[in-house]
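Asks:
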Amino acid sequence: MVRILETLQRLENKFDRMSANTSSQSGQDLSSAISPSSQQSSLSTSLERDQRRGTNRGADETLPSEIQKSYQHLTAAHKILLWPYIYIHLLNSGIKAADDLQFVLQDGTPWFIQQELSKHPNVLPYDVRIPSLSLPGPRDSTVSPRVTFPSLSYEHMHRYTNHYFNAFNVLYPILDREQFVSETLPTVTKTGFGDGDYPSVIALLVFALGKAAELGTYGEPINVENGIASGIRGGSLENPPGIEIFNEARRRLGFVMSQCNLENVQINLLQAIYYEACSRHLDFWRSSVTASMACQVLVKCQPLDWNSHRGDLVKRAFWSCNLIENWYHLDLDLPQTGICEHEDHVPLPTFVGPYNTVENLSDEQSHFQYHFLAIIAIRRLITRIHHTIFDASNTTAETSDDYGGPPVHMIKELARQLESWRNLLPHALQWSDSGKYDFPAFGSNSRRPTEPLFAPDQGEVPINHKYNLDTVTAQLRTRFYYARFMIYRPFVYKALHFAELMTADDVECTVLCIESACCWPLAMAPTKNKKRLVPYLFAWTQNFLGILLILRMSTENPCLRQICEERVNRDEMETAAGLMLDWIRDIRQVDGIA
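Position 476 of the sequence shown, counted from 1, bears residue number 476 in full-length UniProt numbering, the numbering being contiguous throughout.
#1: Helix, strand or coil: which one does DSSP assign to Ala229?
#2: Pull the bridge partners of Leu133 from the DSSP assignment, please.
#3: By Cβ distance, which residues of its chain are closer than 7 Å to Tyr275, with the 5 residues on each side in sequence left out?
#4: In angstroms, rounded to a whole number, what distance separates the CA positions of Asp438 and Ala374?
#5: My output table needs one value for Gly235: the three-state DSSP class, helix, strand or coil.
#6: Below 7 Å CB to CB, which residues in the same chain sit around Leu90 once its five sequence neighbours on both sides are set aside?
#7: For Asn326, does the count of other Cβ atoms within 10 angstroms reach 16, so buried, or fall short, so exposed?
#8: With DSSP collapsed to three states, give me the class of Phe351.
#9: Within the continuous alpha helix (DSSP H) that includes Leu153, where are the two ends?
#10: What residues in its chain sit with their C-beta under 7 Å from that of Cys513, if we drop five residues either side in the sequence?
#11: How close, in whole Å, do the beta carbons of Cys260 and Val289 come, if the pair is a contact with beta carbons under 8 Å?
#12: Over the uninterrupted alpha helix (DSSP H) stretch that includes Gln430, give me the two end residues.
#13: Who are the Cβ neighbours of Tyr134 in its own chain at under 6 Å, not counting the five residues just before and after it?
#14: Please classify Asn92 as buried or exposed, where buried requires at least 16 neighbouring CB atoms within 10 angstroms.
#15: Could you tell me the distance, in whole angstroms, from the CA atom of Gly108 to the CA atom of Leu74?
#16: What would DSSP say about Val224, mapped onto helix, strand or coil?
#17: By DSSP, does Phe112 sit in helix, in strand, or in coil?
#18: With three or more beta-carbon pairs closer than 8 Å as the criterion, would you say the segment 226-238 touches the segment 190-207?
#19: Helix, strand or coil: how does DSSP classify Phe485 here?
#20: Just confirm the distance between the C-beta atoms of Gly231 and Lys530, as a whole number of angstroms; I'd bet it's less than 8 Å.
#21: Buried or exposed for Arg588, going by 16 or more other Cβ atoms inside 10 Å?
#22: Can you find the residues in the same chain that come closer than 8 Å, C-beta to C-beta, to Arg280, ignoring five residues on each side of it along the sequence?
#23: According to DSSP, simplified to helix, strand and coil, what is Phe491?
#24: For Phe193, does the three-state DSSP call read helix, strand or coil?
#25: Does the Cβ of Arg129 have 16 or more other Cβ atoms within 10 Å, making it buried, or fewer, making it exposed?
#26: Opposite Ala525 in the DSSP bridges: which residues?
#27: State the Cα-Cα distance for the pair Pro521 and Pro452, rounded to the nearest angstrom.
#28: Which residues mark the beginning and the end of the alpha helix (DSSP H) in which Val590 is found?
#29: If Ile245 sits next to Leu270, beta carbons under 8 Å apart, how far is it from one beta carbon to the other, in whole angstroms?
#30: Roughly how many whole angstroms lie between the Cα atoms of Met580 and Phe538?
#31: Please report the distance separating the alpha-carbon of Gln475 from that of Gly546.
#32: Along the alpha helix (DSSP H) that carries Ile324, what are the first and last residues, could you check?
#33: Asp457 to Asn543, Cα distance in whole Å?
#34: Does the beta-carbon distance from Leu549 to Ile86 come in below 8 Å?
#35: For Arg477, does the three-state DSSP call read helix, strand or coil?
#36: If you draw a straight line from the alpha carbon of Val590 to that of Ile584, how long is it in whole angstroms?
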């Protein structure tokens with residue numbers, strides 16, 4: 001663990017040095033940063049010849065004047081809708097969805113949030129309960145009565161605990177498994193569940209999430225359409241798995257919500273994760289905001305020993321809050337609490353405590369701790385990508401007004417930083433582009449399975465890898481390809497609107513963008529077949545929409561079509577489009593933003 005922390009620290013220092021070097025460069029014209037190659041390919045020559053005829057200028061000229069103002073109120077995922085070429089194509093297509101563009105123009109990204117509010121006007125059902133029995137206790141009126149749930153036996157609690165820690169806690173490492181098994185679980189087993197009692201609420205949330213993880217993997221699909229089973233498993237649209245246990249936790253939340261301590265932060269995060277497993281994205285956000293606010297008070301106002309076990313749990317809770325808040329802000333522009341302002345003062349977690357040490361961690365357990373730290377590092381880089389390229393106040397990389405071309409030297413610098421991030425990962429997390437579907441290697445003595453970890457389809461039998469290996473690996477690799485797609489996306493904009501200015505280097509960057517958008521592991525089996533376990537489910541739908549529009553333009557726009565025909569694997573593009581369309585059709589049942 002010390003090695004991974006040192007590695008990530010070197011990575012952060014390298015990022016800072018790179019950014020400083022980039023900032024010190026002269027402010028020369030960005031469009032001159034790339035010069036045409038002396039040996040033009042037939043593709044580049046043909047593009048120049050075609051675009052001298054002005055094949056792409058009409059879309060820009062007919063663009064509404066309101067578009068620039070609206071463009072500033074859209075997140076990067078939604079800006080593609082108002083790219084002039086795409087905007088005009090959608091208007092002329094006659095499809096019903098084109099009517100919504102006027103609302104996107106008027107409201108920006110908040111319009112998408114309105115769709116989510118309309119999809120779920122009511123709270124999760126509250127009338128589903130578990131029969132309970134009161135336990136005999138002291139007659140002291142100051143002690144709250146405790147209950148037990150006959151249908152929630154020790155075997156059930158133990159099984160749900162394993163499912164929670166093997167599925168959700170490897171993605172959001174909020175709790176210490178050994179502490180929960182050694183302290184919390186025996187307490188509620190022997191003494192039952194109380195009202196103003198942190199262990200009781202935490203245990204109930206863990207059991208609810210454990211049941212959601214179990215049925216979200218092995219349960220029946222919520223529907224089957226045209227012979228295709230939904231990847232949302234367990235329960236139903238109205239009654240998600242574990243809701244009866246979750247309701248018992250909800251009934252006790254009011255008694256423990258007023259404090260700003262570690263347990264309060266953990267409870268709100270666990271509640272948020274359950275809401276996301278039910279595709280209640282705004283409930284997820286609201287709960288995570290409450291956790292973030294309490295966490296800020298905790299780290300600012302209470303004395304903490306970062307080297308203690310409790311201090312390490314605070315670090316894990318802080319970075320979980322920070323990650324959730326940042327993804328929501330980048331994709332849906334929801335307001336931030338300011339927790340990111342403290343990230344330079346809160347160390348990274350070490351995952352070492354009284355119940356576990358570096359020596360007794362297996363390679364598989366260490367793998368998922370490295371994964372969490374790696375996600376923290378790439379989140380910082382993705383935030384930098386958004387601020388550098390896509391903030392409306394900072395760039396005109398994807399606007400037709402006063403177009404100066406993509407910020408080439410910054411894009412190249414960000415691309416180098418992204419590759420450095422991947423190269424500096426621990427060996428168990430590393431992969432190559434040609435092996436992005438393969439199993440990770442846990443050690444020199446371990447053998448990788450010959451079949452791939454990810455595939456477009458792996459049959460109807462549910463697949464569950466130990467420690468949620470597929471979902472964890474899919475998230476890490478997909479974040480990388482998402483980041484690379486975003487870095488090179490301005491070149492697709494240039495190909496669509498300023499093809500006469502395209503150089504050989506621009507074509508190469510466009511190819512990298514399209515390739516990076518194809519066949520993300522998260523959209524493939526087995527991950528796509530257990531969507532309740534996919535972290536930040538809301539984010540992927542937003543980005544799939546933009547990618548699908550770009551892939552569609554590769555069949556409509558002469559410049560982009562020729563680039564893709566000559567340089568990109570068409571079969572992979574078609575497979576990617578099919579996977580994303582299937583994803584959106586499936587998630588639309590529970591997701592208002594889809």
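From the three backbone atoms N, C-alpha and C, an ideal C-beta is built for every residue, glycine too.
Keep in mind the model is a prediction, meaning the values are calculated, not measured.
Replies: In short:
#1: strand
#2: Thr148
#3: Asp283, Phe284 and Ser287
#4: 19 Å
#5: coil
#6: Ala98 and Leu101
#7: buried
#8: coil
#9: First, the residue type needs correcting, since residue 153 is Ser and not Leu in the sequence shown. Neither: Ser153 is in no alpha helix (DSSP H) and is coded neither H nor E.
#10: Phe485, Tyr488, Arg489, Phe491 and Val492
#11: Actually they are not in contact, since the Cβ atoms of Cys260 and Val289 sit about 14 Å apart, beyond 8 Å.
#12: First-last for Gln430: undefined, no H or E at that position.
#13: The residue asked about is misnamed: residue 134 is Ser in this sequence, not Tyr. Same-chain partners within the cutoff: Pro145 and Val147.
#14: exposed
#15: 5 Å
#16: strand
#17: helix
#18: no
#19: helix
#20: 7 Å
#21: exposed
#22: His120 and Leu124
#23: helix
#24: strand
#25: exposed
#26: Ala455
#27: 11 Å
#28: It is not in any alpha helix (DSSP H) - Val590 carries neither H nor E in the DSSP assignment.
#29: Contact doesn't hold; Cβ gap of about 12 Å is too wide.
#30: 14 Å
#31: 19 Å
#32: His309 to Leu332
#33: 21 Å
#34: yes
#35: helix
#36: 10 Å
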